[in-house]
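Sequential numbering of the sequence shown, starting at 256, is according to our numbering. Before any comments, here is the structure.
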Amino acid sequence: MFLYAGISSSGGTSEPVIGALLGLLTAVVIGVIIYRGAVSLDLGKLFRWTGFALIIVAAGLLAYAVHEYQEAGLLPGEDNVAFDISSTIPPESWYGSLLKGVFSFRPVTTWLEIIVWWAYAVPVLVLFLKKTKRQAPQKQPLAQQAA
């Protein structure tokens, strides 16, 4: 459904199809490599990195939601621009589109968006990255286990 929508909105170009096929091929190759055991994954590190990335993405989505509320007039500060780097990162460029699609990054960002991004990202990352103390299960004598 999403692929069809991408093809329909692209004006008949083949770029969405090529991108989708390359993505599927990459996923199949990675799956085969992992299945065959050529790559062993440390699941703890994998989930820590993906969790970190998801928190950053969620912070971007929250900041983008604030931007949308500012545009709708439900939140103040749409004209209080913190920075404008649209000349360095044009929104129409491939890397501008990539940053917007992955991190919800906007080259023109308001102070409220920055404050909300940091107010979410910092405490959540601190809690996520905080080492938890795991207690090993205590061994009970065999007499207590049988009872």
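Backbone N, C-alpha and C fix where the C-beta goes; we use that ideal spot for every residue, glycine too.
- Length of the line joining the Cα atoms of Gly286 and Trp349: In the sequence shown, the residue the question calls residue 286 occupies position 31. In the sequence shown, the residue the question calls residue 349 occupies position 94. Cα to Cα, the separation comes out at about 28 angstroms.
- Message: When you compare the CB positions of Thr364 and Ala337, do they come within less than 8 angstroms of one another, or not?
- Response: On the sequence shown, residue 364 is found 109 positions in, with the first residue counted as 1. On the sequence shown, residue 337 is found 82 positions in, with the first residue counted as 1. Their beta carbons are under 8 angstroms apart, which means Thr364 touches Ala337 by this criterion.
- Distance, Pro346 Cα to Leu354 Cα: Against the sequence shown, residue 354 aligns to sequence position 99. Against the sequence shown, residue 346 aligns to sequence position 91. Their backbone Cα atoms lie some 9 angstroms apart in a straight line.
- Query: Looking at the unbroken beta strand (DSSP E) that takes in Thr365, where does it start and where does it end?
  - Reply: For this step, residue 365 is matched to residue 110 along the sequence shown. Counting along the chain, the beta strand (DSSP E) containing Thr365 begins and ends at Val363 to Thr365.
- According to the Cβ coordinates, are Ile310 and Val357 closer than 8 angstroms? Position 55 of the sequence shown holds residue 310. Position 102 of the sequence shown holds residue 357. Taking 8 angstroms as the Cβ cut-off, Ile310 and Val357 do not qualify as a contacting pair.
- Task: State the Cα-Cα distance for the pair Ala293 and Leu279, rounded to the nearest angstrom.
- Result: Working through the sequence shown from its first residue, we reach residue 293 at position 38. Working through the sequence shown from its first residue, we reach residue 279 at position 24. Each residue's alpha carbon lies about 20 angstroms from the other.
- Classify Arg291 as buried or exposed, calling it buried when 16 or more other Cβ atoms lie within 10 Å of its own Cβ. Stepping through the sequence shown from its first residue, residue 291 is reached at position 36. With fewer than 16 other Cβ atoms within 10 Å, it is exposed.
- Return helix, strand or coil for Val336, following the three-state DSSP convention. Residue mapping note: residue 336 aligns to position 81 of the sequence shown, counting from 1. Val336 falls in the strand class under three-state DSSP.
- Below 6 angstroms CB to CB, which residues in the same chain sit around Gly351 once its five sequence neighbours on both sides are set aside? Start at 1 with the first residue of the sequence shown, and residue 351 comes out as number 96. Excluding positions up to five away in sequence, the list reads Ile344 and Pro345.
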